[in-house]
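Novice: Pasting a structure below so you can have a look.
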DNA sequence: GTTTTTACGTCAGTCATGTTGACTTATATG
DNA sequence: CATATAAGTCAACATGACTGACGTAAAAAC
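Protein chains in written order, with the working numbering: chain L, 856 to 1021; chain Y, 856 to 1021.
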């Protein structure tokens, strides 16, 4: 019995975990690389993409909700969001219940850019899903969910994130 | 039949793909967040972590191989790597066949730091793998591999990356 | 109705990490 | 010898993050 698995069951586990680390690194690198390349031509960067994505995904989102998702400071967001509003990608209107809030949504220009950028990423995911098959996709989702910290896991439950009571 | 799936099969697919995008975003955010937090105390950042990780993973790696993995410029790497060498985390020795090369490996200090940083990430992956089960892990790997661009996929085949003939 | 908290904005300075471009050195290889 | 390659270096710059301090308007609490 010279099988590594048998002699040292920890070796394979270590290798398995390192592969997991690297899968995440390479997948994320390539996943973001494509839109980054597109953005590079315009005067925008990855930070703008993230804002456009999440505003498009949650029309009427507030600034602080966005900050919570991105986990950056308001000063960092401010610059990026300010540009996007100034260039007409993102529109804002005051909240109805709470007029201090700025509810954000994409303008037509923003919708178009969002589609352009996310299209590539969707295609990449669609390709990977198709090749891997439905069962693999289920496994992928389970593992990815387990990698995410508790507070944000609920975003992926069937009824969406549980809004905290006001 | 008012089931969305039946009425508009594209809707669910779109939602499915967007979930994939977000799983990647949140998983990567939380996955890197922990080591980033640790590094923040020292005078090091995520870039140093990446270098330490891949040097530890491939002892004797050359500078250009490292550049190929990280996909950054030699000037960017130079700053980070220079610090790590100066601080004694990484050791270098000239190549034997080709003395222009600097073969990189971790010093004892580097090994310790690598363990400290990667430990958390391994634990996170191990937890997610354990909760999800072996079958899910297989699916996770399949999908992740499909997300990675061709040239780097071979890193994950059983015999490792195919080295180009010298 | 006054006080306090909240949502958001802003100014100013800094740091980490990436980029391009130009030039150098040492070594390997035709 | 000529050329290509591996790596280093100097300089300038862009992006996206950070901290800290302060301001304003609206909501909520007392």
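Ideal placement from N, C-alpha and C gives every residue a C-beta, glycine not left out.
Computed from a predicted structure; not experimentally measured.
Between the region 990-1002 of chain L and chain Y, which residues of the former have a C-beta closer than 9 Å to a C-beta of the latter?
Specialist: Result list: 990, 991, 992, 993, 994, 995, 996, 997, 998, 999, 1000, 1001, 1002.
Novice: Inspect the CB distances between the region 919-939 of chain Y and the region 895-911 of chain Y and report whether three or more fall short of 8 Å.
Specialist: The region 919-939 of chain Y is in contact with the region 895-911 of chain Y.
Novice: Let's test the definition: count the other Cβ atoms within 10 Å of the Cβ of residue 897 of chain L and tell me whether it reaches 16, buried, or not, exposed.
Specialist: The residue given as residue 897 of chain L occupies position 42 in the first chain. With fewer than 16 other Cβ atoms within 10 Å, it is exposed.
Novice: Alpha carbon to alpha carbon, how far is residue 873 of chain L from residue 977 of chain Y?
Specialist: As a working mapping, residue 873 of chain L is identified with position 18 in the first chain. As a working mapping, residue 977 of chain Y is identified with position 122 in the second chain. Going by the C-alpha atoms only, they are around 7 Å apart.
Novice: When DSSP builds the beta bridges, which residues end up paired with residue 947 of chain Y?
Specialist: If you number the second chain from 1, residue 947 of chain Y lands on position 92. Paired residues: Y/959.
Novice: Which class does residue 924 of chain L belong to by DSSP, given the choice of helix, strand or coil?
Specialist: By 1-based counting over the first chain, the position of residue 924 of chain L is 69. Helix.
Novice: Taking the Cβ atom as the reference point for each residue, do residue 891 of chain Y and residue 901 of chain Y lie within a distance shorter than 8 Å?
Specialist: Here residue 891 of chain Y refers to the residue found at position 36 of the second chain. Here residue 901 of chain Y refers to the residue found at position 46 of the second chain. In this structure, residue 901 of chain Y lies closer than 8 Å to residue 891 of chain Y by Cβ.
Novice: Does DSSP put residue 876 of chain L in a helix, in a strand, or in coil?
Specialist: Here residue 876 of chain L refers to the residue found at position 21 of the first chain. Residue state, collapsed to three classes: helix.
Novice: If I follow the unbroken alpha helix (DSSP H) through residue 953 of chain L, where does it start and stop?
Specialist: Sequence index remark: in the first chain, residue 953 of chain L carries index 98 (1-based). Segment: none, residue 953 of chain L is in no alpha helix (DSSP H) and carries neither H nor E.
Novice: With distances taken Cα to Cα, identify the nearest neighbour of residue 934 of chain L among L/918, L/997, L/1006.
Specialist: The residue given as residue 934 of chain L occupies position 79 in the first chain. It is L/918.
Novice: Just checking: is the beta-carbon of residue 877 of chain Y within a distance shorter than 8 Å of some beta-carbon in chain L?
Specialist: As a working mapping, residue 877 of chain Y is identified with position 22 in the second chain. So, interface residue.
Novice: Using a Cβ-Cβ cutoff of less than 6 Å, which residues in the same chain neighbour residue 959 of chain L once the five nearest sequence positions on both sides are dropped?
Specialist: For the purposes of this step, residue 959 of chain L is taken as residue 104 along the first chain, with counting starting at 1. Only 910, 916, 945, 947 meet the Cβ criterion.
Novice: Give a yes or no on whether 8 Å exceeds the smallest Cβ distance from residue 979 of chain L to chain Y.
Specialist: In the first chain, counting from the first residue as 1, residue 979 of chain L sits at position 124. Closer than 8 Å: yes.
Novice: Count the CB pairs spanning the region 998-1006 of chain L and the region 977-990 of chain Y that are closer than 8 Å, and state whether there are at least three.
Specialist: Touching, per the Cβ criterion.
Novice: In the DSSP assignment, find the alpha helix (DSSP H) that holds residue 898 of chain L and state where it starts and stops.
Specialist: Locating residue 898 of chain L in the first chain gives position 43, counting from the first residue. Here residue 898 of chain L belongs to no alpha helix (DSSP H), and DSSP marks it neither H nor E.
Novice: By a C-beta neighbour count over all protein chains shown, 10 Å radius and 16 as the cutoff for buried, is residue 1045 of chain Y buried or exposed?
Specialist: Because chain Y in this structure spans residues 856 to 1021, residue 1045 of chain Y falls outside the shown range and cannot be described.
Novice: Just checking my contact of residue 893 of chain L with residue 883 of chain Y at CB under 8 Å: how many whole Å lie between their CB atoms?
Specialist: Working through the first chain from its first residue, we reach residue 893 of chain L at position 38. Working through the second chain from its first residue, we reach residue 883 of chain Y at position 28. Residue 893 of chain L to residue 883 of chain Y, Cβ: 20 Å. No contact.
Novice: Could you check the C-alpha separation between residue 950 of chain Y and residue 963 of chain Y for me, to the nearest Å?
Specialist: The residue given as residue 950 of chain Y occupies position 95 in the second chain. The residue given as residue 963 of chain Y occupies position 108 in the second chain. About 21 Å.
Novice: The region 910-925 of chain L: which residues have C-beta closer than 7 Å to a C-beta of chain Y, in chain order?
Specialist: Flagged, chain order: 912.
Novice: Can you tell me whether residue 1003 of chain L is helix, strand or coil according to DSSP?
Specialist: Counting from one through the first chain, the residue named residue 1003 of chain L turns up at place 148. In this structure, residue 1003 of chain L counts as coil in the three-state DSSP scheme.
Novice: Could you check if residue 877 of chain Y is buried or exposed, using at least 16 other CB atoms within 10 Å of its CB as the buried criterion?
Specialist: Residue numbering aside, residue 877 of chain Y sits at position 22 when the second chain is read from its first letter. Flag for residue 877 of chain Y reads buried.
Novice: Can you tell me which residues form a DSSP beta bridge with residue 916 of chain L?
Specialist: Residue 916 of chain L sits at position 61 when you count from the first residue of the first chain. Its beta-bridge partners are L/959.
Novice: Considering residue 1010 of chain L, what are the terminal residues of the alpha helix (DSSP H) in which it resides?
Specialist: Sequence index remark: in the first chain, residue 1010 of chain L carries index 155 (1-based). Segment: none, residue 1010 of chain L is in no alpha helix (DSSP H) and carries neither H nor E.
Novice: Quick one: grab the DSSP three-state call for residue 988 of chain Y.
Specialist: Against the second chain, residue 988 of chain Y aligns to sequence position 133. In this structure, residue 988 of chain Y counts as coil in the three-state DSSP scheme.
Novice: Give the straight-line distance between the Cα atoms of residue 1004 of chain L and residue 955 of chain Y, rounded to the nearest whole angstrom.
Specialist: Sequence index remark: in the first chain, residue 1004 of chain L carries index 149 (1-based). Sequence index remark: in the second chain, residue 955 of chain Y carries index 100 (1-based). Residue 1004 of chain L and residue 955 of chain Y: Cα-Cα distance of roughly 45 Å.
Novice: Counting only C-beta atoms, is residue 983 of chain Y closer than 8 Å to chain L at any point?
Specialist: To locate residue 983 of chain Y, count along the second chain from 1; it is residue 128. Yes, contact with chain L.
Novice: Please classify residue 881 of chain Y: is it buried, with 16 or more other beta-carbons within 10 angstroms of its beta-carbon, or exposed?
Specialist: To locate residue 881 of chain Y, count along the second chain from 1; it is residue 26. That one is buried.
Novice: Taking the alpha-carbon positions, what's the residue 972 of chain Y to residue 875 of chain L distance?
Specialist: Against the second chain, residue 972 of chain Y aligns to sequence position 117. Against the first chain, residue 875 of chain L aligns to sequence position 20. The straight-line gap from Cα to Cα measures roughly 15 Å.
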